[in-house]
Amino acid sequence: MNSAYKSFSDRLRIIVLGYIVRGPLGGLAWHHLQYIMGLARLGHDVYFVEDSDDYPSCYDPTRHVTDTSPDYGLRFATHTFERVGLGDRWAYYDAHTERWLGPCADNILSILETAELLLNLSEVNPMRPWFEKIPARALIDTDPVFTQVRHLKEPSSLRLALQHTVFFSFAENIRLSASIIPNDGLPWQATRQPVVLDAWPVTPGLSHGKFTTVMQWDSYAECEYQGIHYGMKSESFVHYLDLPSKAGPILELALGSPSAPRTKLVNKGWSIRDPLELTRDPWTYQSYLQQSKAEFSVAKQGYVVTCSGWFSERSTAYLASGRPVVAQDTGFSDWLPTGAGIIPFNTPEEALAGIEDINRRYEFHCRAAREVAEEYFDARKVLRRLVDCAMNND
Numbered sequence: 456m457n458s459a460y461k462s463f464s465d466r467l468r469i470i471v472l473g474y475i476v477r478g479p480l481g482g483l484a485w486h487h488l489q490y491i492m493g494l495a496r497l498g499h500d501v502y503f504v505e506d507s508d509d510y511p512s513c514y515d516p517t518r519h520v521t522d523t524s525p526d527y528g529l530r531f532a533t534h535t536f537e538r539v540g541l542g543d544r545w546a547y548y549d550a551h552t553e554r555w556l557g558p559c560a561d562n563i564l565s566i567l568e569t570a571e572l573l574l575n576l577s578e579v580n581p582m583r584p585w586f587e588k589i590p591a592r593a594l595i596d597t598d599p600v601f602t603q604v605r606h607l608k609e610p611s612s613l614r615l616a617l618q619h620t621v622f623f624s625f626a627e628n629i630r631l632s633a634s635i636i637p638n639d640g641l642p643w644q645a646t647r648q649p650v651v652l653d654a655w656p657v658t659p660g661l662s663h664g665k666f667t668t669v670m671q672w673d674s675y676a677e678c679e680y681q682g683i684h685y686g687m688k689s690e691s692f693v694h695y696l697d698l699p700s701k702a703g704p705i706l707e708l709a710l711g712s713p714s715a716p717r718t719k720l721v722n723k724g725w726s727i728r729d730p731l732e733l734t735r736d737p738w739t740y741q742s743y744l745q746q747s748k749a750e751f752s753v754a755k756q757g758y759v760v761t762c763s764g765w766f767s768e769r770s771t772a773y774l775a776s777g778r779p780v781v782a783q784d785t786g787f788s789d790w791l792p793t794g795a796g797i798i799p800f801n802t803p804e805e806a807l808a809g810i811e812d813i814n815r816r817y818e819f820h821c822r823a824a825r826e827v828a829e830e831y832f833d834a835r836k837v838l839r840r841l842v843d844c845a846m847n848n849d
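Residue numbering for the sequence shown follows the numbering used here, beginning at 456 and increasing consecutively.
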């Protein structure tokens, strides 16, 4: 960051490049909406853009297929953006038919030509020529460790990353000695998930509700680099299988992925829900979180073993709703205050103690959860800093 650093409070034209049409699920949508809505509330001229990429990548949860048809996702995006008042602020490029679709299809190229900042969420879109012309291009790594290993092992992935001008990661500890994330040579800066607080109002906590989460057992294949193994949530979860026998029948998983041992989990006392039912749109997802007592969640083993400092975008939504979070510590306790609203754990004994503390002091933890969200994840703070850093980058 140069010595002439300044705050960009003026209106900028910002493009959020992401994954809603191809991933039409409530949680994924909220992850992106927090950026789009948050930037709009800061006064920026913001648009959402998505690219089909050049392979079949459109998921349709009603047909349980992934192919090249964006029809379901386009309907999902239309409904979602209209409901949040941004119905005319998005476009989708279908590379398979070489067409722009969506409400901005006819003028999106001229919009891109005058954009000043691109925020590329999660590196899941190709960098087409029309994006390369935007002067400030920020890559936001939401899946640390696995992103860096991919850059080190796949030259094409690193080439895509190098088409950006500034680099942010959800690994808050990435530049600290405590973290052992593999070094891919990129100058990463820490960022975190923003939350639009007025879109996530506090709702009364359910003292007799369940500790829930929405998760994939295996999101994709585990990986290894220089002899170190980086695993999924399935690997982390194995140590907590017997937790219901001590905590009681209060733990519920909205559990995805075919590899999940659902029968075994039910036999161990876990309540299992179908995540597609609960995440069919952003508001069913939001309702599920807000009907929970609190969140209990493990993290990907790769996040934990590297002390990345990663913190879940889903957990921030629980906090904003006034729901306490009991989460496996990835090193986030190095930067986020814990013990009130958020309780980290490293062992089954610590997890059980956290659950019991929330049960004992529930209203206290509910208030503290919202306070943490306001202090650390408020979109107005997170996005203002993100924009300033991206625009001031040398």
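Beta carbons are placed, not taken as given, at the ideal position from N, Cα and C, and that holds for glycine.
Note that this is a predicted model, so its numbers are computed, not measured.
- Ranked by how close their Cα comes to the Cα of T785, the residues A795, A772, V760, P792 have V760 in first place.
- In terms of CA proximity to I635, V604 leads the group E609, T646, V604.
- Residue pairing by DSSP puts I727 in a beta bridge opposite L708.
- According to the DSSP assignment, I629 belongs to no beta strand (DSSP E), since it is labelled neither H nor E.
- Taking 4 residues as the shortest admissible run, the stretch 550–592 contains the following complete alpha helix (DSSP H) segments, listed from N- to C-terminal end: 563–568, 584–587.
- T771 sits away from Q618, with the two beta carbons spaced by 9 angstroms or more.
- When the alpha-carbon of V504 is set against those of A828, D522, Y474, the nearest one is in Y474.
- E537 has its alpha-carbon roughly 17 angstroms from the corresponding atom of D653.
- Here T569 is exposed: its Cβ has fewer than 16 other Cβ atoms, across all protein chains shown, within 10 Å.
- The count of Cβ pairs closer than 8 angstroms, one atom from the stretch 493–509 and one from the stretch 548–568, reaches three, so the stretches are in contact.
- DSSP lists A782 as the beta-bridge partner residues of P799.
- The alpha helix (DSSP H) runs lying completely inside the stretch 598–648 and spanning 4 residues or more are 601–608, 610–616, given in chain order.
- Listed in chain order, the alpha helix (DSSP H) runs fully inside the stretch 479–534 are 481–496, counting runs of at least 4 residues.
- If you look at H820, you'll find it in the alpha helix (DSSP H) that goes 817–831.
- Judged by DSSP secondary structure, V539 falls outside any alpha helix (DSSP H); it is assigned neither H nor E.
- In the DSSP assignment, A834 falls within the unbroken alpha helix (DSSP H) covering 834–847.
- A contact is defined here as three or more CB-CB pairs under 8 angstroms, and the stretch 712–725 fails this definition with respect to the stretch 748–756.
- About 7 angstroms separates the beta carbon of L774 from that of R825, a gap short enough to meet the 8 angstroms contact definition.
- The three-state reading of DSSP puts L720 in helix, counting H, G and I together.
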